[in-house]
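This report concerns only the one structure given below.
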Amino acid sequence: MTLYFKYLLILFKSQMQYRTSFWLLSIGQFFIPFSVFAGLYFLFERFGQIKGWEFFEVALCFAVIHLAFSLSECFARGFDTFSSLIIKGDFDRVLVRPRSTFLQVLGSKFEFTRIGRLLQSSIVLIWALTNLPIEWSLVKAVTLFFMIASGVLIFTGIYMLAATMCFWTVQGLEVANIFTDGGREMAQYPLNIYQKWVARIFTYVIPFGTVNYLPLMFILGKTQGDEILYMLTPLAGSLFIIPCFLVWQIGVRHYRSTGS
Amino acid sequence: MKVYASVLKLRLLIGMQYRSAALAGVATQFFWGFISIMVFEAFYEHTSITPPISLKELITYIWLQQAFLAFIMLWFRDNELFDLITSGNIAYELCRPTDLYGFWYAKLLAQRLSSALLRCYPILLVAFFLPKPYNMTLPPNAITFILFIITLLLGLLLLVAISMFLYISVFITLSPMGSLLLFGVTGEFFAGLIIPIPLMPLWLQKIAYVLPFRWTADFPFRVYSGHIAQSDAIIGVFIQLGYLLGLLWLGKLALNNVLKRVVVQGG
Numbered sequence: 001m002t003l004y005f006k007y008l009l010i011l012f013k014s015q016m017q018y019r020t021s022f023w024l025l026s027i028g029q030f031f032i033p034f035s036v037f038a039g040l041y042f043l044f045e046r047f048g049q050i051k052g053w054e055f056f057e058v059a060l061c062f063a064v065i066h067l068a069f070s071l072s073e074c075f076a077r078g079f080d081t082f083s084s085l086i087i088k089g090d091f092d093r094v095l096v097r098p099r100s101t102f103l104q105v106l107g108s109k110f111e112f113t114r115i116g117r118l119l120q121s122s123i124v125l126i127w128a129l130t131n132l133p134i135e136w137s138l139v140k141a142v143t144l145f146f147m148i149a150s151g152v153l154i155f156t157g158i159y160m161l162a163a164t165m166c167f168w169t170v171q172g173l174e175v176a177n178i179f180t181d182g183g184r185e186m187a188q189y190p191l192n193i194y195q196k197w198v199a200r201i202f203t204y205v206i207p208f209g210t211v212n213y214l215p216l217m218f219i220l221g222k223t224q225g226d227e228i229l230y231m232l233t234p235l236a237g238s239l240f241i242i243p244c245f246l247v248w249q250i251g252v253r254h255y256r257s258t259g260s
Numbered sequence: 261m262k263v264y265a266s267v268l269k270l271r272l273l274i275g276m277q278y279r280s281a282a283l284a285g286v287a288t289q290f291f292w293g294f295i296s297i298m299v300f301e302a303f304y305e306h307t308s309i310t311p312p313i314s315l316k317e318l319i320t321y322i323w324l325q326q327a328f329l330a331f332i333m334l335w336f337r338d339n340e341l342f343d344l345i346t347s348g349n350i351a352y353e354l355c356r357p358t359d360l361y362g363f364w365y366a367k368l369l370a371q372r373l374s375s376a377l378l379r380c381y382p383i384l385l386v387a388f389f390l391p392k393p394y395n396m397t398l399p400p401n402a403i404t405f406i407l408f409i410i411t412l413l414l415g416l417l418l419l420v421a422i423s424m425f426l427y428i429s430v431f432i433t434l435s436p437m438g439s440l441l442l443f444g445v446t447g448e449f450f451a452g453l454i455i456p457i458p459l460m461p462l463w464l465q466k467i468a469y470v471l472p473f474r475w476t477a478d479f480p481f482r483v484y485s486g487h488i489a490q491s492d493a494i495i496g497v498f499i500q501l502g503y504l505l506g507l508l509w510l511g512k513l514a515l516n517n518v519l520k521r522v523v524v525q526g527g
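Chains C and W are the protein sequences, given in the same order. The first sequence lines up with residues 1 to 260 when you count with my numbering. The second sequence lines up with residues 261 to 527 when you count with my numbering.
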């Protein structure tokens with residue numbers, strides 16, 4: 001763990017060497033989701049609701065998913081850009097070091113410019129929360145926290161799966177974007193607005209539903225039943241990372257250097 | 261002119277090499293298309309007012325958008341050109357006995373064309389045979405289709421002319437990121453990539469109609485579905501031509517201006 005923070009600190013310092021570029025990129029990262037959010041706002045202005053969901057309810061959903069996405073892009077960027085490690089043959093170096101490959105790849109890159117995106121989604125989150133009539137309790141606050149944390153873990157899991165594919169294909173696969181960028185686009189609306197089969201895939205295979213739908217209904221007071229159970233659903237979703245981790249281990253064992 | 265044609269041809273062939281990448285892109289765009297259609301479907305389901313564009317027209321609009329994404333995206337860029345400018349290798353380009361603007365224009369045009377040619381057929385083909393209501397529909401008549409082709413091609417020429425400004429601006433800023441973001445975010449928003457222009461609020465529509473971005477993508481797609489009447493489409497073609505000539509002239513002027521002041525450091 002100390003090693004991880006050392007990686008974090010060094011990379012932060014190195015990115016800070018190019019200060020102007022850092023700030024410009026951060027500002028850019030602010031405006032990309034901003035335009036998407038503006039689109040969402042205009043749609044609600046015209047239609048008023050989406051299958052019974054109000055604007056601020058969807059805004060909350062949007063904020064949670066984008067927070068999770070930006071955090072995972074910041075901290076798990078190493079897996080996202082993993083194919084370059086393989087192509088250059090740098091993964092050999094990782095293997096000879098006496099630390100776990102997971103930690104080293106995770107620490108190989110951080111993208112701090114995502115702070116712009118983070119800021120944008122935080123503003124949306126606060127805006128949505130102040131405009132929603134929620135009766136707050138400790139359980140609900142914990143649920144909200146779990147939603148974001150579990151979202152980060154799910155996105156990280158997808159990055160890991162995509163990175164593992166590189167052991168066989170060498171090249172990075174654009175298909176993985178379906179689940180990261182596509183998953184983000186999709187999960188910014190509550191899951192039940194989609195067709196049944198889409199909702200099922202994204203609840204049972206890739207558990208976005210446990211992040212953005214079930215606990216969201218609980219926070220908004222749309223459910224009856226056991227509170228604790230709803231609080232724990234995001235945790236169930238975060239179990240997704242365990243098989244991803246195992247697949248990663250198998251992948252590492254199959255690694256063959258490109259030898260360049 | 262012959263030089264530019266051969267640059268175009270060469271680049272087209274290079275672009276066609278990346279077939280597997282294109283296939284992956286197709287899969288992504290399909291997913292994307294489905295998601296957006298379902299979102300709009302959900303919005304339309306319980307609406308009490310009649311929306312300004314019907315769901316059927318909207319679905320066609322979205323599939324066309326996905327198929328011709330390379331014609332819309334301002335993000336789609338040539339890093340080689342950026343490197344040329346920032347590293348100083350631009351000196352070699354200046355030695356060539358061709359006009360730089362035309363040379364780059366042909367190069368960029370070919371990139372977008374090859375990328376779209378590879379991707380549009382599978383997407384359009386499958387989109388036609390999808391079960392209802394997700395399928396794409398044929399244009400109402402043959403004249404509309406011809407108008408669509410004309411406007412689409414003019415739109416492409418226009419887009420490349422717009423993107424040339426991106427590269428020109430790098431001569432001044434030396435870092436592509438700032439202008440890329442500015443062009444990318446505003447351009448794509450006002451081209452109707454995030455929400456179709458008819459669904460925007462009125463005040464925003466007015467802004468979008470003045471800017472050139474909307475003529476690159478939104479206009480041809482709506483001509484296709486018949487949402488824009490034929491008589492209006494013909495007027496639109498002339499507006500497109502006007503924008504195109506104006507932007508080409510401005511771009512050439514700007515490029516010649518920055519080239520006069522360009523400093524190549526040795527190395």
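Ideal Cβ placement from N, Cα and C applies to all residues, glycine included.
Unbroken alpha helix (DSSP H) run spanning residue 509 of chain W, endpoints:
Residues 490-521.
Using a C-beta to C-beta distance shorter than 7 angstroms, which residues of chain W count as neighbours of residue 178 of chain C?
Under the 7 angstroms cutoff, chain W gives 287, 288, 291.
Taking just the CA atoms, how far does residue 146 of chain C sit from residue 321 of chain W?
CA-to-CA, the gap between residue 321 of chain W and residue 146 of chain C works out to about 38 angstroms.
Would the beta-carbon of residue 161 of chain C fall within 8 angstroms of that of residue 244 of chain C?
A contact, by the Cβ cut-off of 8 angstroms.
In three-state terms, what does DSSP make of residue 206 of chain C?
coil
Given residue 527 of chain W, which residues of its chain have a CB within under 6 angstroms of its CB, disregarding the five upstream and five downstream residues?
The pLDDT assigned to residue 527 of chain W is 49, lower than 50, so where the model puts this residue is not dependable; a value taken from the coordinates is nonetheless given after this. The answer is none, since no qualifying residue turns up.
Where do the N-terminal and C-terminal ends of the alpha helix (DSSP H) with residue 387 of chain W fall, by residue?
Residue 387 of chain W -> alpha helix (DSSP H) spans 360-389.
Along the chain, where does the alpha helix (DSSP H) containing residue 175 of chain C start, and where does it finish?
Counting along the chain, residue 175 of chain C falls outside any alpha helix (DSSP H), and DSSP gives it neither H nor E.
How is residue 350 of chain W classed by DSSP in three states: helix, strand or coil?
helix
Kindly say whether residue 387 of chain W, judged by its beta-carbon, lies nearer than 8 angstroms to any beta-carbon of chain C.
no
Any C-beta of chain W sitting closer than 8 angstroms to the C-beta of residue 175 of chain C?
Using beta-carbon distances, residue 175 of chain C counts as an interface residue toward chain W, with a partner under 8 angstroms.
Three CB pairs or more closer than 8 angstroms across the segment 472-482 of chain W and the segment 408-419 of chain W
The segment 408-419 of chain W and the segment 472-482 of chain W touch, with three or more beta-carbon pairs separated by less than 8 angstroms.
Taking residue 463 of chain W as the reference, which of W:304, W:475, W:450, W:359 has the closest Cα?
W:450
Please return the same chain residues whose Cβ sits closer than 7 angstroms to the Cβ of residue 365 of chain W, not counting the five positions on each side in sequence.
420, 424
Alpha carbon to alpha carbon, how far is residue 26 of chain C from residue 296 of chain W?
27 angstroms
Given a threshold of 16 other Cβ atoms within 10 Å of its Cβ, counted over all protein chains shown, does residue 124 of chain C qualify as buried or as exposed?
buried
Give the range of the alpha helix (DSSP H) segment to which residue 80 of chain C is assigned.
77-80
Mind the definition here: the segment 115-124 of chain C touches the segment 24-39 of chain C only if three or more C-beta pairs lie below 8 angstroms; say whether that holds.
yes
From which residue to which residue does the alpha helix (DSSP H) around residue 161 of chain C run?
138-169
With 16 other CB atoms within 10 Å as the buried threshold, where does residue 1 of chain C fall?
exposed
Residue 21 of chain C versus chain W: which residues are under 8 angstroms apart at the beta carbon?
By Cβ distance, chain W contributes 435, 437.
With 16 other Cβ atoms within 10 Å as the buried cut-off, status of residue 80 of chain C
Residue 80 of chain C comes out buried.
What three-state label does DSSP hand residue 32 of chain C in the structure shown?
helix
Kindly indicate if chain C contains any beta-carbon less than 8 angstroms away from that of residue 527 of chain W.
In this predicted model, residue 527 of chain W has a pLDDT of only 49, less than 50, meaning its place in the structure is not dependable enough to derive any value.
Residues of the segment 9-35 of chain C with a CB closer than 7 angstroms to any CB of chain W: list them in chain order, please.
Listed by position along the chain: 21, 24, 25, 28, 31, 32, 35.
Chain-ordered chain C contacts of residue 302 of chain W [CB-CB under 8 angstroms]:
50, 51, 189, 193, 194
Backbone CA spacing between residue 516 of chain W and residue 361 of chain W [nearest angstrom]
9 angstroms
Taking only the alpha-carbon atoms, compute the straight-line gap between residue 372 of chain W and residue 144 of chain C and give it to the nearest angstrom.
43 angstroms
Which partner residues of residue 65 of chain C appear in the DSSP bridge assignment?
BP columns for residue 65 of chain C are empty, so no partner.
Give every residue of the same chain whose Cβ lies closer than 8 angstroms to the Cβ of residue 432 of chain W, excluding the five residues on either side of it in the sequence, and list them in chain order.
518
Output, in chain order, the set of chain C residues within a Cβ distance shorter than 7 angstroms of residue 234 of chain W.
Absent from the structure is residue 234 of chain W, since the part of chain W shown begins at 261 and ends at 527.
For chain C, find out if any of its Cβ atoms is closer than 8 angstroms to the Cβ of residue 445 of chain W; answer yes or no.
Chain C contact via Cβ: present.
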